[in-house]
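Numbering (the numbering used here) for the sequence shown: 2 to 68.
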Amino acid sequence: MWVSSQIAALHGQTTLEAAEVLETVAGKSTLNPFAAVFVMIGADAVTVWLPPEAARDAHGFILTGAT
């Protein structure tokens, strides 16, 4: 999992072969072999069913690692 990162480019001829990931804080770019990319846009957190002990961010999403 990458944090503070974005996909800068996708590479492949007929299928996805790799993605260039830009680490925005470090300014470092790496080319990684990928066969698929999952894109999630415009989601709402549905975490009200979780116990209060489950850590969430200000938008209600579950905290899973370094930010």
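Beta carbons are placed, not taken as given, at the ideal position from N, Cα and C, and that holds for glycine.
Taken in chain order, the unbroken stretches of beta strand (DSSP E) that lie wholly in the stretch 8 to 67 and span 3 residues or more are 19 to 24 and 29 to 34. In this model, GLY66 and ALA19 are separated by some 24 Å (Cα to Cα). The residue among ILE8, GLY43 and ILE63 with its C-alpha nearest the C-alpha of PHE35 is ILE8. Within the DSSP bridge table, the entry for SER5 names no partner. Sequence-distant Cβ neighbours of THR25 in its own chain, meaning closer than 7 Å and more than five residues away, are SER5, SER6 and GLN7.
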